[in-house]
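Trainee:
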């Protein structure tokens, strides 16, 4: 396990920004740190839209925002002193994408973002995973689930940083 | 009045007053204007519109203008036609407001999936002249399970020992039906007491209404499981037990004073989950299942099967067919 190979999972939220900033603060003076910024694409259900066009438009907008966020996260890390060549960015497209790119080697089924993150964590041999947390109530967790809780419960052979 | 409608009425429904004959409707997009006496033509069949469907809310009839009670003229059978209505609206669950979508496509998909499976309402989807997927539903002739349970004339202990095991057995079958949907990546989406009917003729438990869609992702089955938990609490308690009605139910001060905030449900802080404190003959194993829905729980069910795995031994303990 390489604890300085760090996977930071982001989703465009403020919690994710805090997780990126924290990671930058912690690792800026480590010459060995390698950071993988990971975003798992998850589009809204097709059922929530009256027609294909409005769904596709929403998906395009979502993708644009996530990719811009990844770029911004890279700037944050570089701004904290992490060398650009030590930062990798990965955007895992949705298997349910309305776009032509879903036939890539790895795509996200979108049913559990946490499981997708854990799968990349294992493949990449990262020793640390970082996620932001909203601080949801028990009732919210029951209904909506929590990516950070699932990662805490299911991550093995690694360190988990949960940034509040 | 359309002469074609008058002729259809004369041929197929002579008892229907011809003076109410309306028009032939082939494009159902403007569902508000489809009214009593109109005839919806779909897939070569004709549906005489009798009235809009109503739902009782707070004792008041709430008309659903996109849902039409009809008579299929050729067969004489009663049908419910659900016309396309893409609606977004908030629903309130305890302190939460959840954005809900009405998806005709989702319901059409589930109707296909459960064709012939009598644990669910049956029907088919026929596109109208504009391609709107109209769901033509068979009517489930039955009564709401909760009303049946409320009507059982017995005190709780008698009910629990004599009636509940059979009810639990059938309810678990209904849970298995939901688990089947989940295994095909579909949600029911609107699991409520009034959406589980007991068929008059067979006594079978059957789910209705699958058109709600939500944007839940990390816990896709959470809302369905929450709904099942609510029904289970109702069935085990022979009704709801709330801070408002507990005092009327004749429990001792000692029992009432033993209730703590953790004993109430996660979503509704006035609704009791720890029924074992009121009814000590409820086996601990069953009460533990109920406690999964309480504020005090630290473990949630992610899948219906997890709940069923814990309910099966309870059924055996109660002497039901487990």
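Protein chains in written order, with our numbering: chain P, 1 to 164; chain X, 1001 to 1322. Think of the CB as a built atom: it goes at the ideal place given N, C-alpha and C, for glycine as much as any other residue. Note that this is a predicted model, so its numbers are computed, not measured.
Got a sec: is the Cβ-Cβ distance from residue 1092/X to anything in chain P below 8 Å?
Mentor: Closer than 8 Å: no.
Trainee: Output the distance between the C-alpha atoms of residue 61/P and residue 1191/X, rounded to the nearest integer angstrom.
Mentor: Cα to Cα, residue 61/P sits roughly 32 Å from residue 1191/X.
Trainee: With H, G and I counted as helix, E and B as strand and the rest as coil, what does DSSP make of residue 1261/X?
Mentor: Residue 1261/X: helix per DSSP, three-state reduction.
Trainee: Listing by chain order, which chain X residues have their CB less than 9 Å from the CB of residue 146/P?
Mentor: Within 9 Å Cβ-Cβ: 1218 and 1219.
Trainee: State the DSSP-derived secondary structure class of residue 1188/X, mapped to helix, strand or coil.
Mentor: Looking at residue 1188/X - three-state DSSP - the assignment turns out to be coil, as it is neither helix nor strand.
Trainee: Does the CB of residue 114/P have a neighbour CB from chain B at under 8 Å?
Mentor: In the structure shown, chain B cannot be found, because the protein chains are P and X.
Trainee: Along the chain, where does the alpha helix (DSSP H) containing residue 1131/X start, and where does it finish?
Mentor: Neither: residue 1131/X is in no alpha helix (DSSP H) and is coded neither H nor E.
Trainee: For the putative contact between residue 1160/X and residue 1282/X, defined by C-beta atoms under 8 Å, what is the C-beta separation to the nearest angstrom?
Mentor: With a Cβ gap of about 7 Å, residue 1160/X and residue 1282/X count as contacting.
Trainee: Is the separation between the beta-carbon of residue 1099/X and that of residue 1215/X shorter than 8 Å?
Mentor: In contact: residue 1099/X and residue 1215/X (Cβ atoms closer than 8 Å).
Trainee: Who are the Cβ neighbours of residue 59/P in its own chain at under 6 Å, not counting the five residues just before and after it?
Mentor: Excluding sequence neighbours, residue 59/P sits near 43 and 98.
Trainee: How big is the Cα-Cα spacing for residue 1297/X and residue 1224/X?
Mentor: Straight-line Cα distance between these residues: approximately 18 Å.
Trainee: Can you find the residues in the same chain that come closer than 6 Å, C-beta to C-beta, to residue 87/P, ignoring five residues on each side of it along the sequence?
Mentor: Excluding positions up to five away in sequence, the list reads 35, 74 and 77.
Trainee: Please work out which residues of its chain come closer than 6 Å, Cβ to Cβ, to residue 46/P, disregarding the five sequence neighbours upstream and downstream, and give them in chain order.
Mentor: So the list reads 55, once near-sequence residues are dropped.
Trainee: I want to see whether chain P comes within less than 8 Å of residue 1267/X, judged by CB atoms only; does it?
Mentor: Yes, residue 1267/X lies at the interface with chain P (some Cβ there is under 8 Å from its Cβ).
Trainee: In chain order, which continuous runs of the alpha helix (DSSP H) of length 4 or greater are located wholly inside the segment 1053-1085 of chain X?
Mentor: List check, alpha helix (DSSP H) in window: nothing returned.
Trainee: From residue 1130/X to residue 1276/X, what does the alpha carbon distance come to, in whole angstroms?
Mentor: Taking the straight line joining both Cα atoms gives about 56 Å.
Trainee: Go through its chain and collect everything with a Cβ distance to residue 159/P's Cβ below 8 Å, but skip five positions before and after it.
Mentor: Answer for residue 159/P: 3, 127, 128 and 129, listed in chain order.
Trainee: Do residue 1042/X and residue 1082/X come within 8 Å of each other at the CB atom, strictly closer than that value?
Mentor: No. Outside cutoff.
Trainee: Quick one: which unbroken alpha helix (DSSP H) runs of 4-plus residues sit fully inside the segment 134-161 of chain P? Chain order, please.
Mentor: Complete alpha helix (DSSP H) runs here, min 4: 138-144 and 147-154.
Trainee: Between residue 42/P and chain X, is any beta-carbon pair separated by less than 8 Å?
Mentor: Chain X contact via Cβ: present.
Trainee: Residue 132/P bridges to which residues according to DSSP?
Mentor: BP columns for residue 132/P point to 163/P.
Trainee: Can the beta-carbon of residue 1199/X be found closer than 8 Å to that of residue 1142/X?
Mentor: In this structure, residue 1142/X lies closer than 8 Å to residue 1199/X by Cβ.
Trainee: Determine, using beta carbons only, whether residue 29/P comes closer than 8 Å to chain X.
Mentor: No - not a single Cβ of chain X is within 8 Å of the one on residue 29/P.
Trainee: So which residues of chain P does residue 1030/X contact, with C-beta pairs closer than 8 Å?
Mentor: What residue 1030/X touches in chain P: nothing, since even the nearest Cβ is about 16 Å away.
Trainee: Below 8 Å on the Cβ atoms is my guess for residue 151/P versus residue 92/P; work out the distance and round it to an integer in Å.
Mentor: With 8 Å as the limit, residue 151/P and residue 92/P do not qualify as a contact, their Cβ atoms being about 16 Å apart.
Trainee: Hey, is residue 1223/X's beta-carbon within less than 8 Å of any beta-carbon in chain P?
Mentor: Interface residue, yes.
Trainee: Going by C-alpha to C-alpha distance, which of 1030/X, 1017/X, 1078/X and 1033/X sits closest to residue 1329/X?
Mentor: Absent from the model: residue 1329/X. The displayed extent of chain X is 1001 to 1322, so no value can be given.
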